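Heads up, the thing below is written out as structure tokens.
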Amino acid sequence: IIARTRHDEL
Amino acid sequence: MNIFRLTGDLSHLAAIIILLLKIWKTRSCAGISGKSQILFALVFTTRYLDLLTSYISLYNTFMKVVYIGCAYATVYLIYMKFKATYDGNHDTFRAEFLVVPVGGLSFLVNHDFTPLEFLLVIMYVSYDMALCGPGSNCSHCFQILWTFSIYLESVAILPQLFMISKTGEAETITTHYLFFLGLYRALYLINWIWRFYFEGFFDLIAIVAGVVQTILYCDFFYLYVTKVVYSERLPL
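If you read the sequences in order, they're chains A and B.
Sequence positions in the first sequence follow our numbering and run 1 to 10.
Sequence positions in the second sequence follow our numbering and run 1001 to 1236.
Next comes the structure, spelled out in structure tokens:
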């Protein structure tokens, strides 16, 4: 999973 | 969610609360860089705009709201309520030297555009790639603002570290604040190693900025362990 627009970390 | 991310978030929260309580209890913000706190408020504001567009979890939303609220409360205490105690003469780091390059970098290196694609965007060659306007859902703008916040967070503590090096000392409670802030970054690094192995998750921008940020704290960590643990203040 390459992070793109949805960032789940704070 | 893994234990490193959770303890990292809690460590971050502890740092923020320690700083707020210190200012509130002593009725003074002496030794605290207002510029760093403004930068952190800017970091949280630009990163958590997705509160308006995407829901991840109750925990996620709650923490974001608390971080933003505390950041603005801290800025309010420093620049309004306890303005008289703010040590502006020693808070001389030029914040624009951080914000402007970081802003430029976030346009050039982000998850949505390569520099060439960005050139096409500003030349308006492709309507689909327009940042704003009809048909845009603001996701590219949010993405660039998120990137900006990640880069800015990695250097936002510099005015505070500069202030400490300028005055030559820091109160113990200020060093506890910095320790928890640095611990949060270190725990997030472990979190990313964990997520890479167990989830295949890999966010290069966050990781590189996180490594830079953690390195900035290394010198401080060394002083904290060798000096603060044994004495009242942090001599440099």
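Positions of the beta carbon are idealized from the N, C-alpha and C atoms, including for glycine.
All values derive from a computational prediction rather than experimental measurement.
What's the gap between the Cα of residue i and the Cα of residue j?
i: B:V1225; j: B:I1038; result: 28 angstroms
i: B:H1140; j: B:D1112; result: 7 angstroms
i: B:F1196; j: B:N1002; result: 12 angstroms
i: B:F1093; j: B:L1161; result: 10 angstroms
i: B:E1117; j: B:D1009; result: 35 angstroms
i: B:E1169; j: B:L1178; result: 13 angstroms
i: B:L1105; j: B:V1211; result: 17 angstroms
i: B:I1036; j: B:L1119; result: With the sequence shown as reference, residue 1036 of chain B is identified as Ser, and Ile is not the correct amino acid for it. Cα-Cα distance, rounded: 32 angstroms.
i: B:F1062; j: B:I1016; result: 15 angstroms
i: B:T1053; j: B:K1083; result: 36 angstroms
Of all the options the options, which has the alpha carbon lying nearest to the alpha carbon of residue i?
i: B:E1096; options: B:T1114, B:V1155 and B:G1069; result: B:V1155
i: B:L1021; options: B:L1006, B:I1078, B:W1194 and B:V1065; result: B:I1078
Take residue i and list the residues in its own chain whose beta-carbon comes closer than 6 angstroms to its own, dropping the five residues that flank it on each side.
i: B:T1174; result: G1031
i: B:Y1067; result: F1044
i: B:W1192; result: I1207
i: A:E9; result: none
i: B:R1005; result: N1191
If you drop the 5 nearest sequence neighbours on each side, which residues of the same chain put their C-beta closer than 8 angstroms to that of residue i?
i: B:V1102; result: F1148, Y1151, L1152 and V1155
i: B:S949; result: Nothing about residue 949 of chain B can be read from this structure; chain B reaches only from 1001 to 1236.
i: B:D1050; result: F1142 and W1146
i: B:H1012; result: Y1067, F1180, L1181 and Y1184
Got a sec? Which residues, its chain only, sit under 7 angstroms from residue i by beta carbon, not counting five neighbours each side?
i: B:F1040; result: A1071 and A1156
(message) For the segment 1141 to 1152 of chain B, list every residue whose C-beta sits within 7 angstroms of some C-beta in chain A, in sequence order.
(response) Q1143 and W1146
(request) Pull out every residue of the segment 1004 to 1026 of chain B whose Cβ sits closer than 9 angstroms to any Cβ of chain A, in chain order. (result) Of all residues in the segment 1004 to 1026 of chain B, the ones placed with a Cβ closer than 9 angstroms to any Cβ belonging to chain A are R1005, G1008, D1009 and H1012, in chain order.
(request) Specify whether the segment 1066 to 1076 of chain B and the segment 1040 to 1057 of chain B touch according to this definition: at least 3 beta carbon pairs, one from each stretch, less than 8 angstroms apart. (result) These segments touch.
(request) Check distances from the C-beta atoms of the segment 1032 to 1056 of chain B to those of chain A and list, in chain order, the residues that come in under 9 angstroms. (result) R1047, Y1048, D1050, S1054 and I1056
(message) By the 7 angstroms beta-carbon criterion, what residues does the segment 1075 to 1087 of chain B contribute toward chain A?
(response) none
(request) Specify whether the segment 1204 to 1224 of chain B and the segment 1021 to 1030 of chain B touch according to this definition: at least 3 beta carbon pairs, one from each stretch, less than 8 angstroms apart. (result) The segment 1204 to 1224 of chain B vs the segment 1021 to 1030 of chain B: no contact.
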